[in-house]
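**Student:** Numbering (the numbering used here), first residue to last: 32 to 275.
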């Protein structure tokens with residue numbers, strides 16, 4: 032259930048020359064191959080680079096694929112874990128442009144931050160950070176794929192797949208639920224991977240929330256990192272000042 036009082040929707044466009052969206056398990060080494068569309072976790076990471084606080088949890092509602100899905104294979108010399116270089120081929124998406132629609136809700140796993148639950152403040156700061164292109168560097172899946180953020184109205188402008196009724200991508204990694212975003216007794220104190228079967232309809236992929244994904248896999252135990260002014264790792268209202 033949505034636990035905020037007012038609409039706090041954000042809309043933005045992210046573009047980049049290249050992107051690599053994949054299951055983290057497949058990034059341990061060797062060849063890397065991108066999914067055809069951005070994952071929920073990758074888009075959530077972009078939004079967290081724009082604006083993030085432990086008080087809130089971002090939810091990606093939908094993404095619109097604007098440009099044709101094209102891939103390009105590159106020869107890469109990655110660094111080995113134990114020193115030296117290797118030769119591998121990475122498959123990237125190229126000429127990427129996406130429109131994103133998202134919202135935030137309070138993180139009920141952090142009652143110690145209840146005093147920072149000023150919805151208008153977080154919403155206005157998030158929109159300001161979108162206008163400025165984000166607070167931190169934005170990446171499309173991996174660090175070598177630089178992304179650029181700007182405001183947009185979701186649905187504006189022509190998209191390449193506007194006339195395609197339906198396109199299915201099969202089983203796909205959705206994201207990871209960390210301990211501080213747990214939504215049930217099964218996910219409390221654990222790291223959980225979520226999977227689903229995305230379908231793009233007229234260029235738009237509508238995401239389920241993590242708890243609505245049909246497949247889940249527990250990856251391991253995980254503790255919640257504490258935040259608070261007494262720990263000197265959370266400024267809360269003092270960072271930007273109150274926004275009424």
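Backbone N, C-alpha and C define an ideal beta-carbon position, used for all residues, glycine too.
1) Just to check my reading of the structure: residue 42 and residue 185 have Cβ atoms closer than 8 Å, yes? What is that Cβ distance to the nearest angstrom?
2) Output yes or no for whether 8 Å exceeds the beta carbon distance between residue 166 and residue 82.
3) Check whether the Cβ atoms of residue 78 and residue 119 lie closer than 8 Å to each other.
4) Reducing DSSP to helix, strand and coil, say where residue 198 ends up.
5) Confirm, please, whether the CB-CB distance from residue 241 to residue 206 is below 8 Å.
6) How many whole angstroms separate the CB atoms of residue 88 and residue 153, which I take to be in contact at a CB cut-off of 8 Å?
7) Skipping 5 residues on each side, what residues in its chain have a beta carbon closer than 6 Å to that of residue 62?
8) Once the 5 residues before and after residue 183 are set aside, which same chain residues still bring their CB inside 7 Å of it?
9) According to DSSP, residue 237 sits in a beta bridge with which residue or residues?
10) With burial defined as no fewer than 16 other Cβ atoms inside 10 Å of the residue's Cβ, what is the status of residue 95: buried or exposed?
11) Is there contact between the stretch 191–203 and the stretch 231–241, where contact requires at least three CB pairs shorter than 8 Å?
12) How far does the beta strand (DSSP E) with residue 232 in it reach, from first residue to last?
13) Suppose contacts are defined by Cβ-Cβ distances below 8 Å. Is residue 64 in contact with residue 122 by that definition?
14) Among the residues of its own chain, which have a CB less than 6 Å from the CB of residue 275, if the five just before and after it don't count?
15) Applying the criterion that 16 or more other CB atoms from any shown protein chain within 10 Å of the CB defines a buried residue, is residue 308 buried or exposed?
16) For a quick check, are the C-beta atoms of residue 47 and residue 178 less than 8 Å apart?
17) Rounding to the nearest angstrom, what Cα-Cα distance links residue 249 and residue 224 in this structure?
18) Give the DSSP bridge partners of residue 38, in chain order.
19) Quick test of your reading: residue 211 and residue 138, contact by CB under 8 Å. State the CB separation rounded to the nearest angstrom.
20) In the structure shown, what three-state DSSP assignment does residue 133 receive?
21) Compute the beta-carbon to beta-carbon distance between residue 66 and residue 238, rounded to the nearest angstrom, for a pair I have assumed lies under 8 Å.
22) Residue range of the beta strand (DSSP E) that residue 107 falls in?
23) Of the residues 188, 219, 254, 226, which one's Cα is nearest the Cα of residue 56?
**Tutor:** In brief:
1) Yes, residue 42 and residue 185 are in contact; Cβ-Cβ is about 5 Å, under 8 Å.
2) Yes, they are a contact pair.
3) Not closer than 8 Å, so no.
4) strand
5) Against a cut-off of 8 Å, the Cβ pair of residue 241 and residue 206 comes out as a contact.
6) The Cβ separation is near 11 Å, so there is no contact.
7) 119, 120
8) 42, 43, 44, 130
9) 93
10) Under this definition residue 95 is a buried residue.
11) yes
12) 230–232
13) yes
14) Since pLDDT at residue 275 reaches only 45, below the 50 mark, its modelled position is unreliable, and no value is offered.
15) There is simply no residue 308 to check, as the chain begins at 32 and stops at 275 in what is shown.
16) yes
17) 6 Å
18) Note: residue 38 sits in no beta bridge, so no partner.
19) 7 Å
20) In this structure, residue 133 counts as strand in the three-state DSSP scheme.
21) Not confirmed; about 14 Å, so no contact.
22) Residue range 102–107 is occupied by the beta strand (DSSP E) that includes residue 107.
23) 226
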